[in-house]
Amino acid sequence: MTGYVLLLRGVNVGGRTKLAMADLRAVLEDLGFGDVRTVLQSGNAVFTADTEPDEREIQAALAERTGLDTRCLVVTAPRLRAVVDGHPFRDIAHDGSRMVAIFLEADPDPAVAAAHDPVALDPERIRVGDRVVYQWCPDGISKAPPVVPFLDRRWKVVGTARNWNTVTKLHDLVQRPTA
């Protein structure tokens, strides 16, 4: 069994797209995933599976069972480890609530990425990694440049952001063997 993390986009944020985590767990268990655990109330789950999960299948099951139409991103345990290990601001970003990792559904077209570099939004505080964009927000996330809408609009790539505290919690859970 391989460990995976599921990230739902925009769930339980600002009073819209509400989803009970018990419902999310039930959908994932009904799809045959094991050791399902949800993390916080913002659409994060950790689970195991014998084969690579199909994001579209999860999205369809959520829509059918809960009425929720949202994008799902599945992150493998090794990919999440690479995101954590690749943290470019580890020497200055000590407050995990002010550090963000934006997980990307796919790689952007290289020509589009070169023409529309999100680093230009804040060159001292944004870095692009492998299917992730890191953003350090020392003045708070609400005062930082809006990178996710930029990526949606310019790169045409779906992304979902998590603060660093959540990223490391998910990392620890997906790396930990289940009993």
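Mind the numbering: the sequence shown is residues 169 to 347 in my numbering, read in order.
The beta-carbon is built from N, C-alpha and C at its ideal position, and this holds for glycine as well.
In this structure, how does DSSP classify VAL326 when only helix, strand and coil are distinguished? coil
Based on Cα-Cα distance, which residue from PHE201, GLU225, ILE294 and GLN303 lies nearest to VAL214? PHE201
Determine the direct distance from the alpha carbon of GLN227 to that of ASN333, and round the result to whole angstroms. Counting only the Cα atoms, GLN227 lies some 25 Å from ASN333.
Could you give the DSSP three-state label for MET189: helix, strand or coil? helix
Do you know whose CA, among CYS240, ALA329 and GLN343, lies nearest GLY264's CA? ALA329
Nearest-angstrom Cα separation, counted from GLU292 out to GLY267: Here residue 267 is Met; the residue named in the question, Gly, does not match the sequence. Straight-line Cα distance between these residues: approximately 13 Å.
Backbone secondary structure at THR336 - three-state DSSP: helix
Best match in ALA245, VAL207 and ALA279 for proximity to THR216 [C-alpha to C-alpha]: ALA245
Taking the alpha helix (DSSP H) that LEU230 falls in, what are its first and last residues? 223 to 234
Touch check for the stretch 303 to 316 and the stretch 267 to 280: three-plus C-beta pairs under 8 Å? yes
Same chain, Cβ closer than 6 Å to ILE294, neighbours up to 5 away in sequence not counted: PRO286, VAL287 and GLN303
If you draw a straight line from the C-alpha of ALA231 to the C-alpha of ARG177, how long is it? 13 Å
Those residues which DSSP pairs with PHE215 across a bridge: PHE215 is bridged to TYR172.
Can you have a look at ALA274 and say buried or exposed, based on whether 16 or more other CB atoms are within 10 angstroms of its CB? Exposed is the call here.
Using DSSP with H/G/I as helix, E/B as strand and the rest coil, what is PHE201? coil
Closest by CA to LYS337, which one among VAL300, ARG249, PRO317 and TRP323? ARG249
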